[in-house]
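89 is the number of the first residue of the sequence shown in the numbering used here; add one for each residue after it. Written below as structure tokens is the structure these notes are about.
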Amino acid sequence: MTRPLIAIIGRPNVGKSTLFNRLAGERLAVVDEVPGTTRDRLVAEAEWRGVSFDIVDTGGIDPSALSRGEPLSVGSAEYIAHIRSQAEIAVRDADAIIFMVNVESGITPADQEVAGLLRRLQRHVEGERWPPVVLAVNRCDNPQRRDEAQVFHELGMGDPIPISALHGRGTGDLLDALVQRLPHPPEEIPSAEIQEEETGLRVAIVGRPNVGKSSLLNRLLGEERVIVSPIPGTTRDAVDTYLEYEGTPVTLIDTAGIRRRGRIEPGVEKYSVLRALKAMERAEVVLLLIDATEGVTNQDAHIAGMILEKFKSVITLVNKWDLIPKDAYTLDEYGLHVREALKFLDYVPLLFISAKTGLRVGKILPLALQIQEERLRRIPTGELNRLLRKALNIHPPPTRKGKRLRVYYASQVRTAPPTFLFHVNDPELVHFTYKRFLENQIRSEYGFLGTPIRLSFRKRGKAAG
89 MTRPLIAIIG RPNVGKSTLF NRLAGERLAV VDEVPGTTRD RLVAEAEWRG VSFDIVDTGG
149 IDPSALSRGE PLSVGSAEYI AHIRSQAEIA VRDADAIIFM VNVESGITPA DQEVAGLLRR
209 LQRHVEGERW PPVVLAVNRC DNPQRRDEAQ VFHELGMGDP IPISALHGRG TGDLLDALVQ
269 RLPHPPEEIP SAEIQEEETG LRVAIVGRPN VGKSSLLNRL LGEERVIVSP IPGTTRDAVD
329 TYLEYEGTPV TLIDTAGIRR RGRIEPGVEK YSVLRALKAM ERAEVVLLLI DATEGVTNQD
389 AHIAGMILEK FKSVITLVNK WDLIPKDAYT LDEYGLHVRE ALKFLDYVPL LFISAKTGLR
449 VGKILPLALQ IQEERLRRIP TGELNRLLRK ALNIHPPPTR KGKRLRVYYA SQVRTAPPTF
509 LFHVNDPELV HFTYKRFLEN QIRSEYGFLG TPIRLSFRKR GKAAG
């Protein structure tokens, strides 16, 4: 089940990263007094009163300065475009929004602009504005400032909640307000029932803006269903498209780029990662697109890491292969480059394609269906334990701190992803290198192409039987 998403938005230097770190429970973001110093991915899991959710820090709606450091006037076209793009993204993708302001500055024109945009962009659902917005007034470190926070009623965003992100004051009230406004999760359905009901295949197309996601979607469909343009971000929303391939219903989830013409704002770049995250949570197989003309970037590797964290099956697609000058060794050399940059995805198939010309695009859906079969494969317990005994003979369990690891037996406890439970004398004795060895033994026997597998270890006092 996908967790609700809470987006923190506001102008730079109001304390968004500090609040993000406070809610996430660790210092994940770079925090500096200089506006625009939020870097790296800023999506984290959090929980409050038994409710789990994801938080994203936009990195700053920055109406006062571009990355070159030159100020923009509040009414400038660049300012309006910049602030509107981030507000649109937050409203479109979030289940709730924290609109953050700073009591020390009072109500600024930038705050008024954000509030106005949020009101215009919110949708009306059953008589309520959606997504809900909670107004957090930061740096309320004493009673006087908490009283001063009431002036932010003028923004028309409901009751302001005075907080101190740095010291944690008021964050409980803020979280209470958020949790009350989040959508109620549906009742849990046992995984076996889900697998029986969901007979189709869901495929997410993810990658950085302008790597060719919409072009690939159109090529797979054989028609122009999504607006395609060389300007990054011309696809405005995530698009679900349905087709049938060899009798199997397939849902293609496209998360085309969200950036606009002009300089690339850090907050918007983070949202491209966020949208990829939301798409892959709904999918079984993820198509990771990489631009052949740029190679594997840090952002590509980051998205790949997110796919791995979500235990989704993957196909890596190197797009725009038609633009690369080639000789007899080009494909092999480029393949080694990709494998080295994404070495943690060594079990993942790699295709060099051109969405524009159709090169090898016809191989994608057959491969996705094959990988889905791998994802749903179940290994009989007896067969698995014969493999386990063979593996233990090849590489006996190691000794740590004078105590030897004993592995009694194993069973596959679920599919999608394939998950194996090993009963051992002490899970603390399982070194990651031995865990990797066992995974490699399973893969060498059963493949699990493109599919991550989970290995869990449970303490058991003696061997079964």
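Here a beta-carbon is modelled for each residue, glycine too, at the ideal position from N, C-alpha and C.
Rounded to whole angstroms, Ser401 and Leu517 show a C-alpha spacing of 29 Å. In terms of Cβ geometry, Glu471 and Leu537 do not form a close pair [threshold 8 Å]. DSSP places Phe520 inside the alpha helix (DSSP H), whose first and last residues are Phe520 to Tyr534. For Ser105, the enclosing alpha helix (DSSP H) begins and ends at Lys104 to Ala112. If you keep only unbroken beta strand (DSSP E) runs of at least 3 residues inside the stretch 427–453, you get 438–440. DSSP places Met188 inside the beta strand (DSSP E), whose first and last residues are Ala184 to Asn190. Shown here, Phe508 sits in a strand according to DSSP, grouped into three states.
The stretch 491–503 and the stretch 424–442 do not touch, with fewer than 3 CB-CB distances between them shorter than 8 Å. Remark: three or more beta-carbon pairs, one from each stretch, lie closer than 8 Å, so the stretch 395–411 and the stretch 522–540 are flagged as touching. With contacts defined as CB atoms closer than 8 Å, Gly244 and Ile251 fail to qualify as a contacting pair. Per DSSP, Arg477 is one residue of the alpha helix (DSSP H) stretching across Thr469 to Ile482.
The beta-carbon distance between Val291 and Leu340, rounded to whole angstroms, is 5 Å. This is short enough to meet the 8 Å contact definition.
DSSP places Ser303 in the uninterrupted alpha helix (DSSP H) bounded by Lys301 to Leu309. Straight through space, the alpha carbons of Glu242 and Ala504 are spaced by roughly 50 Å.
In its chain, beyond the 5 residues on either side, Val267 have a beta carbon closer than 6 Å to the beta carbon of Val139. Assignment of Ala416 by DSSP, reduced to helix, strand and coil, places it in the coil class.
The stretch 430–438 makes no contact with the stretch 466–480; the number of CB pairs closer than 8 Å stays below 3. Ile378: member of the beta strand (DSSP E) spanning Val373 to Asp379, first to last residue. The C-alpha of Leu305 is placed about 47 Å away from the C-alpha of Ser193.
The beta-bridge partner set that DSSP reports for Ile341 consists of Ala292 and Asp328. Proximity to Asn407 across Arg488, Val426 and Tyr417 peaks at Val426, based on C-alpha coordinates.
In the DSSP assignment, the residues bridged to Leu223 are Phe187. Taking C-beta atoms as the reference points, Val225 and Ile249 count as a pair closer than 8 Å. Per DSSP, the beta bridge partners of Asp142 are Leu93 and Glu133. Excluding five sequence positions before and after Gln529, the CB atoms of its chain that fall closer than 6 Å to its own CB belong to Ala479, given in chain order. Listed in chain order, the non-local C-beta contacts of Asp388 below 6 Å within the same chain comprise Ile378, local neighbours out to five positions each way being set aside. If the five residues before and after Arg91 are omitted, its C-beta is found closer than 6 Å to the C-beta atoms of Ser140, Phe141 and Asp142, all from its own chain and listed in chain order.
Excluding its 5 nearest sequence neighbours in each direction, Arg207 has C-beta neighbours in its own chain below 7 Å: Gly244, listed in chain order.
Ranking Pro220, Val202, Ala429 and Ala380 by CA distance to the CA of Asp181 puts Pro220 first. DSSP, reduced to helix, strand and coil, places Arg548 outside both helices and strands of the structure shown, so it counts as coil. Between Ala184 and Val294, the C-beta spacing is not below 8 Å. When DSSP reads this structure, Pro250 sits in a beta bridge with Val225.
The beta-bridge partner set that DSSP reports for Tyr496 is empty. Secondary structure of Leu205 (DSSP, three-state): helix. In the DSSP assignment, Val239 falls outside any beta strand (DSSP E) and carries neither an H nor an E. In the three-state scheme derived from DSSP, where H, G and I count as helix and E and B as strand, Val384 is classed as coil.
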